[in-house]
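Working notes, beginning with the structure itself.
Chains as they are written, first to last, in our numbering: chain A, 1 to 168; chain B, 169 to 458.
The structure is reproduced here in structure tokens:
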């Protein structure tokens, strides 16, 4: 196959607080840049057309499907992936700890996308109702758990955050 | 699935984007939020040779409000509709419909203008734009023209936009009377899915409670948003719940409803009738309380 000569583009992205650079062709997806070029395979790819939500990352702080953004578009942006959730010493993010405690994952394929979606959602919504958590999760498919324990884990974290704030 | 190769440009100005569009003719696609275009590219149902990314055009994502007249840049993200106090005050219909547009992740990226020009028949924003009498500002290297939202949509995924034109701004006029109310209702099989049917309504009452302005738009049931003629009969009347339900049924009767896996045309019309009545009822209740 003879592809037409396409210009490549230099990108610089702040990934989990560290600047990374790459030279990308226009059609490379942000998800592929993260996984294939930078080895950040925690971001999973499921449907590759924006239906399943497993590739969700934070783009400039907002949950975004990384299969629907071209890598070149992320130039100059901040990207946070699931690798950045845990602390430097490996201590789990409160959501990750709640997922473990509540058994909120089974095969784990959808988990990175769900964690990133919920991390951003809980930052904005300190006292969500169960319905609001379920609506926030509507763009993430999980075919194992039935969502029950995921919702419970999210509500646990919200409750713990509220108590923590009340006691300080 | 990955897109076919393309050339990428990220202009900083509207003029730059229009110039690229003119230079590459039908080969080029404008990329806004990409929540409809990129899936189609990933599946190679669309293979543009050139992609003109609008996300670096700063002038396109402004929200301005002036004496109740709201101006939304075409690149305003859908989630701004849920968050922006000016939008909640001037066009609460948009704030009410916004949480039903796709999902958290798609609203963070998807744009108001992108949704309008994509013209999906089940999309919320085209119906809201018509119900609000929105005026769309379209630019090409030749001219700047305006088009009323009700004249913009031309059926399934089709609009009056010319190949060298782009939508730059959505202008929403002030509410027609102080006592104006809105309603939005839709049914989808799962939150965020494409609506089976839905309705957007705006009603304005005078000081005596007589209706002076009525708009009802049904979405998702036919091949595009449908501005119901039946609602015109409400002008001059004092709306009652029974009458609004009747108008909802009449409006649904105007639609050529589509059949698919999820619903027969008859079922769609029945659902649309109920939702239209509900949207009108909410609009009337809010107008009375205003």
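Glycine included, C-beta positions come from ideal geometry on N, C-alpha and C.
Neighbour list for residue i in chain A, Cβ cutoff strictly below 8 Å
i, result
"residue 277 of chain B", "59, 62, 64, 65, 68 and 69"
7 Å Cβ shell around residue i - same chain, five flanking residues per side excluded
i, result
"residue 155 of chain A", "130 and 133"
"residue 222 of chain B", "185, 198, 199, 200, 228 and 243"
"residue 257 of chain B", "none"
"residue 149 of chain A", "102, 103 and 104"
"residue 126 of chain A", "158, 161 and 162"
"residue 423 of chain B", "386, 389, 390, 394, 437 and 440"
"residue 107 of chain A", "144"
"residue 267 of chain B", "250"
"residue 31 of chain A", "43, 45, 55, 66 and 67"
"residue 451 of chain B", "349, 350, 351, 369, 370 and 371"
"residue 453 of chain B", "349"
Neighbour list for residue i in chain A, Cβ cutoff strictly below 7 Å
i, result
"residue 352 of chain B", "By Cβ distance, chain A contributes nothing, its closest Cβ being about 16 Å from residue 352 of chain B, past 7 Å."
"residue 360 of chain B", "138 and 139"
"residue 272 of chain B", "63, 117, 121, 136 and 139"
"residue 202 of chain B", "68 and 69"
Per DSSP, cross-strand counterpart(s) of residue i
i, result
"residue 18 of chain A", "A:15"
"residue 9 of chain A", "A:24"
"residue 234 of chain B", "B:237"
"residue 341 of chain B", "None, per the DSSP bridge assignment."
"residue 143 of chain B", "Outside the modelled stretch of chain B, which goes from 169 to 458, sits residue 143 of chain B, for which no answer is possible."
"residue 221 of chain B", "B:199"
"residue 355 of chain B", "B:365"
"residue 192 of chain B", "According to DSSP, which records beta bridges pairwise, residue 192 of chain B is partnered with nothing at all."
"residue 372 of chain B", "B:348 and B:381"
"residue 175 of chain B", "B:218"
"residue 155 of chain A", "Note: residue 155 of chain A sits in no beta bridge, so no partner."
"residue 131 of chain A", "Residue 131 of chain A is not bridged to any residue."
"residue 209 of chain B", "According to DSSP, which records beta bridges pairwise, residue 209 of chain B is partnered with nothing at all."
"residue 327 of chain B", "B:321"
"residue 335 of chain B", "B:306"
"residue 245 of chain B", "B:279"
Sub-7 Å separation of residue i and residue j beta-carbons
i, j, result
"residue 439 of chain B", "residue 367 of chain B", "no"
"residue 385 of chain B", "residue 395 of chain B", "yes"
"residue 305 of chain B", "residue 285 of chain B", "no"
"residue 68 of chain A", "residue 39 of chain A", "no"
"residue 455 of chain B", "residue 347 of chain B", "yes"
"residue 357 of chain B", "residue 389 of chain B", "no"
"residue 277 of chain B", "residue 64 of chain A", "yes"
"residue 369 of chain B", "residue 290 of chain B", "no"
"residue 60 of chain A", "residue 35 of chain A", "no"
"residue 16 of chain A", "residue 62 of chain A", "no"
"residue 230 of chain B", "residue 254 of chain B", "no"
"residue 353 of chain B", "residue 443 of chain B", "yes"
"residue 138 of chain A", "residue 360 of chain B", "yes"
"residue 327 of chain B", "residue 287 of chain B", "yes"
"residue 171 of chain B", "residue 210 of chain B", "yes"
"residue 177 of chain B", "residue 214 of chain B", "no"
Neighbourhood of residue i by C-beta distance below 6 Å, restricted to the same chain and skipping five residues each side
i, result
"residue 21 of chain A", "12"
"residue 344 of chain B", "372 and 381"
"residue 314 of chain B", "303 and 305"
"residue 299 of chain B", "368, 370, 383 and 385"
"residue 27 of chain A", "none"
"residue 282 of chain B", "200 and 201"
"residue 377 of chain B", "406"
"residue 292 of chain B", "265, 268 and 269"
"residue 29 of chain A", "67"
"residue 417 of chain B", "441"
"residue 1 of chain A", "Only weak support exists for where residue 1 of chain A lies, its pLDDT of 41 falling under 50; the value from the coordinates is given anyway. Taken in chain order, the list of residues that qualify is empty."
Nonlocal neighbours in the same chain, by C-beta distance under 8 Å from residue i, ignoring five residues either side
i, result
"residue 100 of chain A", "92"
"residue 187 of chain B", "179 and 309"
"residue 182 of chain B", "225, 227, 228, 307, 334 and 336"
"residue 457 of chain B", "349"
"residue 44 of chain A", "54, 55, 109, 110, 112 and 113"
"residue 128 of chain A", "121, 122, 136, 154, 155 and 158"
"residue 19 of chain A", "12 and 13"
"residue 115 of chain A", "82, 85, 93, 95, 96 and 99"
"residue 203 of chain B", "270, 274, 277, 278 and 282"
Listed by chain order, chain B residues near residue i by CB distance under 9 Å
i, result
"residue 29 of chain A", "170, 171, 206 and 210"
Proximal residues of chain B, C-beta to C-beta of residue i below 7 Å
i, result
"residue 73 of chain A", "221 and 223"
"residue 84 of chain A", "Residues of chain B passing the Cβ test: none, with the nearest at roughly 17 Å."
"residue 48 of chain A", "169 and 210"
Neighbouring residues, chain B, relative to residue i (Cβ below 8 Å)
i, result
"residue 7 of chain A", "175 and 176"
"residue 26 of chain A", "173, 174, 175, 176 and 219"
"residue 17 of chain A", "What residue 17 of chain A touches in chain B: nothing, since even the nearest Cβ is about 21 Å away."
"residue 90 of chain A", "Chain B residues near residue 90 of chain A: none, gap ~28 Å exceeds 8 Å."
"residue 53 of chain A", "271 and 273"
Continuous beta strand (DSSP E) assignments of at least 3 residues falling wholly in the stretch 257 to 322 of chain B: 303 to 307 and 312 to 316
Going residue by residue through the stretch 22 to 89 of chain A, where are the continuous beta strand (DSSP E) segments of at least 3 residues, counting only ones entirely within it? 56 to 59, 62 to 65 and 78 to 80
Tell me the start and end of each unbroken alpha helix (DSSP H) in the stretch 388 to 458 of chain B that is at least 4 residues and wholly inside, in chain order. 409 to 421 and 433 to 457
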